Amino acid sequence: MIINTGARTDTVQYYTDWLLRRFEQGYVLSRNPMFPNKVLRYELLPSVVDCVVFCSKNYEPILSRLHEITGRFNTYFYYTITAYGTDIEPGVPSIERSMETLAALSRQVGKQRVAWRYDPVLLTKAYTIARHAETFEWMAGRLAPYIDRCIFSFVEIYKKLQYNMPELIPLAMEDMDALAQLLGGAAARHGIHIQTCGTNGDYSRYGIHPSGCMTLDILGRANGISFRKRAHKGMRQGCHCIESRDIGAYDSCLNGCKYCYANTNSQKARENFRLHDPYSPLLLGTLTSDDTIICGMQKSFLYKAT
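Residue numbering for the sequence shown follows the numbering used here, starting at 1 and increasing by one per position.
Structure (structure tokens):
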């Protein structure tokens with residue numbers, strides 16, 4: 001089983017003590033987003049967790065204690081650093097500080113376990129194709145010695161994004177092609193393996209590899225372990241990533257990114273943050289008499305020699 005700590009919220013940045021305590025106590029509870037009174041229990045033990053996957057925009061809060069997890073579990077880290085400032089990502093550190101933290105993370109866990117996510121790629125009057133080209137080139141030069149790969153995706157225009165980010169300029173096919181060519185070229189110049197995430201088209205002509213950013217092959221090579229071959233559906237349509245169990249909660253991230261899919265809006269996230277108890281096995285709130293706890297499916301993907 002793969003445990004994902006950050007697809008629904010930036011657990012590393014805002015819930016560090018809770019996350020470390022859950023691994024210390026050896027289990028976690030997670031509410032089903034569709035059926036809130038259905039609570040899943042996952043054992044956080046090396047015997048049942050094949051790999052712990054982290055996704056964050058700021059690893060600085062956990063660096064000094066990260067060994068408490070990496071010393072016991074196989075791990076892989078996705079670090080999102082984009083070209084945007086606080087006008088789009090209010091709670092995210094500066095690009096310079098983020099790159100310094102990524103380098104520190106890489107030195108601690110090894111570059112083979114660190115992927116740089118440059119996504120979502122979007123356009124506004126301030127963030128033009130030219131600005132992406134300049135910023136990505138600069139960042140690629142700095143980050144190349146510290147990363148396993150770079151992953152990017154183009155922004156998806158879903159309904160709430162039209163309200164949260166009216167300044168967004170819709171991406172035309174020619175815009176995506178131009179951006180892909182620029183990103184692919186910069187990655188090649190700095191010796192970076194670059195790939196897409198999700199359904200973003202075929203840009204192999206620019207040296208860009210296809211989707212599949214969290215595969216058993218990537219996690220296995222990073223940790224020196226072997227997984228069994230298995231068929232799976234991916235995390236969503238067009239995705240080739242292995243399924244994982246997320247222990248976070250939607251509407252709980254304080255980064256305030258305008259393009260965020262996991263928050264309805266920043267106000268709701270702030271309200272939910274006040275429900276957080278670092279000693280609760282749940283990220284938000286505590287168990288109630290209406291809750292039903294169900295043991296989550298924890299099946300190993302590891303190859304075991306006989």
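Backbone N, C-alpha and C define an ideal beta-carbon position, used for all residues, glycine too. Predicted model, so just to flag it, every value in this text is computed and none were measured.
* Asked: Under three-state DSSP, which class holds Asp202?
  -> Along the sequence shown, read from residue 1 onward, the residue named residue 202 stands at position 202. Three-state result, Asp202: coil.
* Asked: According to DSSP, is Phe301 helix, strand or coil?
  -> Counted from its first residue, the sequence shown places residue 301 at position 301. Three-state result, Phe301: coil.
* Length at least 4, wholly inside the segment 131-178: the alpha helix (DSSP H) runs in chain order -> 159-164
* To do: Please list, in chain order, all residues of the same chain as Met176 whose beta carbon is under 7 Å from its beta carbon, the five residues on each side excluded.
  => As a working mapping, residue 176 is identified with position 176 in the sequence shown. Excluding the 5 residues flanking it on each side, Met176 has same chain C-beta neighbours closer than 7 Å at Phe154 and Gly201, in chain order.
* **Anticipated Cβ contact below 8 Å, Asp8 with Tyr250, distance rounded** => To locate residue 8, count along the sequence shown from 1; it is residue 8. To locate residue 250, count along the sequence shown from 1; it is residue 250. One detail in the question is off: residue 8 reads as Arg in this sequence, not Asp. At roughly 5 Å, the Cβ-Cβ gap stays under 8 Å, so Arg8 and Tyr250 are in contact.
* To do: Leaving out five residues on either side along the sequence, give the residues of the same chain with a beta carbon under 6 Å from the beta carbon of Gly285.
  => By 1-based counting over the sequence shown, the position of residue 285 is 285. Counting only Cβ-Cβ distances below 6 Å, and skipping sequence neighbours, we find Leu275.
* State the Cα-Cα distance for the pair Arg221 and Arg142, rounded to the nearest angstrom. => Locating residue 221 in the sequence shown gives position 221, where the first residue counts as 1. Locating residue 142 in the sequence shown gives position 142, where the first residue counts as 1. Each residue's alpha carbon lies about 24 Å from the other.
* Asked: Who are the near neighbours of Arg31 in its chain, counting only those whose CB is closer than 7 Å to its CB and skipping five residues on each side?
  -> For the purposes of this step, residue 31 is taken as the residue at position 31 of the sequence shown. The residues are Val39, Ala249 and Leu282.
* Asked: With DSSP run on the structure shown, which of helix, strand or coil describes Phe73?
  -> If you number the sequence shown from 1, residue 73 lands on position 73. Taken through DSSP and simplified to helix, strand or coil, Phe73 comes out as coil.
* Asked: Looking at the structure shown, is Thr306 part of a helix, part of a strand, or coil, going by DSSP?
  -> Sequence index remark: in the sequence shown, residue 306 carries index 306 (1-based). The pLDDT assigned to Thr306 is 41, lower than 50, so where the model puts this residue is not dependable; a value taken from the coordinates is nonetheless given after this. Coil at Thr306, not helix or strand.
* Asked: Bridge partners of Arg41, per DSSP?
  -> What you label residue 41 is simply residue 41 of the sequence shown in a count that begins at 1. Beta-bridge pairing links Arg41 to Leu29 and Cys295.
* What is the residue span of the beta strand (DSSP E) that Ile3 lies within? -> Reading the sequence shown from its first residue, position 3 is the one you call residue 3. Element bounds for Ile3: Ile2 to Asn4.
* Taking only heavy atoms of the ligand MN into account, decide whether any of them is closer than 8 Å to the Cβ of Glu43. => In the structure shown, the ligand MN is absent, as is every other ligand, since no ligand is present at all.
* Inspect the CB distances between the segment 258-273 and the segment 156-168 and report whether three or more fall short of 8 Å. => Segments in contact, yes.
* For Thr196, the first and last residue of its enclosing beta strand (DSSP E) -> Looking up residue 196 in the sequence shown gives position 196. Note, Thr196: beta strand (DSSP E), Ile194 to Thr196.
* Three-state secondary structure assigned by DSSP to Phe54 -> Taking the first residue of the sequence shown as 1, we reach residue 54 at position 54. DSSP places Phe54 in strand when its eight states are reduced to three.
* Straight-line gap, Gly198 to Trp18 (C-alpha atoms, nearest Å) -> Taking the first residue of the sequence shown as position 1, residue 198 is located at position 198. Taking the first residue of the sequence shown as position 1, residue 18 is located at position 18. One C-alpha to the other measures close to 30 Å.
* Contact check, Ile3 vs Ser244 under 8 Å by CB: the rounded distance? -> Within the sequence shown, the letter at position 3 stands for residue 3. Within the sequence shown, the letter at position 244 stands for residue 244. Indeed, because the Cβ distance is near 7 Å, the residues count as touching under 8 Å.
* To do: Assign Met173 to one of two classes, buried (16 or more other C-beta atoms within 10 Å of its C-beta) or exposed (fewer than that).
  => Here the question's residue 173 lines up with position 173 in the sequence shown. By the neighbour-count rule (16 or more Cβ atoms within 10 Å), Met173 is not buried but exposed.
* Asked: From Arg22 to Leu105, what distance separates their C-alpha atoms?
  -> Locating residue 22 in the sequence shown gives position 22, where the first residue counts as 1. Locating residue 105 in the sequence shown gives position 105, where the first residue counts as 1. Each residue's alpha carbon lies about 21 Å from the other.
* **Cβ distance (whole Å) where Ile88 is taken to contact Met139 below 8 Å** => Working through the sequence shown from its first residue, we reach residue 88 at position 88. Working through the sequence shown from its first residue, we reach residue 139 at position 139. So it is not a contact: roughly 16 Å between Cβ atoms.
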